[in-house]
Amino acid sequence: MAGILRLTRELDLEGASIIIGLDGWVNAGSASTLSLNYLIRKLEVEKLGEIPPGNFYGYTLRRPTVNVEGGLIKEYEVPRNSIYVWNGNVRSFVLLLGVEPDLNWPGYSEAIMELSIAVKARRIYTLGGYVSMIPHTIEPPVTGSTNTLRLLGELKAAGIELTNYRGPTGVYSQILWDGAQRGLEVVSLWTAVPQYVSVPNPKAALALLRKLTLMENVQVALSDLENDAYILDRKIAEEAKMNPELLRLIEELERSYKIFRTTPSYRV
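Written as structure tokens, this is what we have:
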């Protein structure tokens with residue numbers, strides 16, 4: 066296949082949606098990668114291909130890993146961008162689980178445009194998480210942006226707050242912009258992650274997947290993720306009982322949220 070994209074076979078999935086989850090700056094609380102890993106585990110996916118690392122990563126910034134046993138090199142791992150496919154009864158998904166590129170964002174975005182054309186996708190979703198001053202006790206808010214005017218109503222109907230933000234951004238904005246130039250629909254969904262929760266946050270991933278499945282009108286069993294979110298909430302509550310400073314912070318954030326009911330629309 067022409068271009069950098071490597072697919073194992075040609076596949077006509079007209080009407081499919083591409084769902085992208087990347088590690089890196091866009092992945093606070095591991096919300097993005099948790100979401101994609103959950104879909105990969107729960108759906109009957111097949112490996113479809115990859116975006117090779119090419120010239121997308123600075124290895125002095127994001128070093129490859131190596132496994133050496135008894136003086137003999139066994140493994141050498143570089144950042145991976147793996148592509149999977151799921152054929153549902155009503156919808157089909159193409160899932161991209163990878164790592165945000167350090168370099169050559171236009172080239173990386175071009176590979177995604179190439180993927181969209183190759184499988185005849187109807188829409189691209191990007192999923193992300195950002196750090197916010199919210200308490201963990203609320204339902205994480207989900208904000209969204211798009212490159213297609215008519216989709217704003219669809220975002221609102223799903224209860225997604227429209228993003229207002231100006232400032233530094235991630236590769237998802239490159240994908241939004243390039244999609245607009247190609248006439249490809251792109252939706253970027255972001256959820257807020259409490260700044261005091263430093264572990265992977267299943268509650269954030271759950272918020273993203275609830276909105277995604279609502280917009281796509283598909284049923285995906287989320288009970289395992291709901292249970293993981295419940296366990297995390299319990300652990301934080303137990304820790305707060307033994308940490309007065311943490312408890313005070315949570316209570317202050319809860320009071321602030323009740324008064325203002327707002328969170329920053331921080332990312333695109």
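Residues in the sequence shown are numbered from 66 upward in steps of one, following my numbering. Glycine is no exception: its CB is placed at the ideal position from the N, C-alpha and C atoms.
Separation of residue j from residue i, as counted between CA atoms
i      : j      : result
Glu317 : Pro129 : 42 Å
Gly114 : Lys306 : 47 Å
Leu422 : Gly136 : The chain is shown from 66 up to 333; residue 422 falls before or after that span and cannot be answered.
Leu311 : Phe121 : 39 Å
Thr98  : Asn146 : 12 Å
Asn308 : Leu70  : 50 Å
Arg215 : Asp298 : 37 Å
Pro65  : Glu319 : As displayed, the chain neither begins before 66 nor continues past 333, which places residue 65 out of reach and without an answer.
Glu79  : Leu192 : 22 Å
Arg247 : Lys112 : 26 Å
Val155 : Ile138 : 46 Å
Tyr261 : Val252 : 28 Å
Classification of residue i by the beta-carbon crowding that lies within 10 angstroms, buried from 16 upward
i      : result
Ile240 : buried
Ser288 : exposed
Arg106 : exposed
Leu126 : exposed
Asn92  : buried
Ile189 : buried
Val133 : exposed
Glu75  : exposed
Arg275 : buried
Gly194 : buried
Val164 : buried
Ser330 : Low local confidence applies: a pLDDT of 46 at Ser330 is under 50, so the model's placement there is unreliable, and no value is given.
Val264 : exposed
Test item: CB-CB of residue i and residue j under 9 Å
i      : j      : result
Leu161 : Leu108 : no
Glu226 : Val207 : yes
Ala186 : Ile83  : yes
Val184 : Asp77  : yes
Asn212 : Ala245 : yes
Ile148 : Leu72  : yes
Asp88  : Gly123 : no
Ala81  : Ser157 : yes
Val285 : Ala269 : no
Leu279 : Gly224 : yes
Gly153 : Val283 : yes
Test: residue i CB closer than 9 Å to a CB of chain D
i     : result
Ile84 : Absent here is chain D; the protein component of the structure consists of one chain.
Which residues DSSP lists as bridging residue i, in chain order
i      : result
Arg71  : Glu115
Val258 : Val196
Element boundaries [beta strand (DSSP E), containing residue i]
i      : result
Pro309 : Note, Pro309: premise wrong, no beta strand (DSSP E); alpha helix (DSSP H) at Pro309 to Phe325.
Asn152 : Ser147 to Asn152
Tyr141 : Leu137 to Glu142
Ser157 : Ser157 to Val164
Val283 : Unbroken run through Val283: none, as it is neither H nor E.
Gly363 : Any property of residue 363 remains undetermined from this structure, which presents the chain solely from 66 to 333.
Endpoints, alpha helix (DSSP H) assigned at residue i
i      : result
Val196 : Note, Val196: premise wrong, no alpha helix (DSSP H); beta strand (DSSP E) at Arg188 to Ser197.
Thr98  : Ala96 to Lys107
Ile203 : Segment: none, Ile203 is in no alpha helix (DSSP H) and carries neither H nor E.
Val184 : Trp170 to Val184
Contact test: residue i Cβ vs the ligand MG heavy atom, cutoff 8 Å
i      : result
Val110 : The model on display carries no ligand, and the ligand MG is accordingly not part of it.
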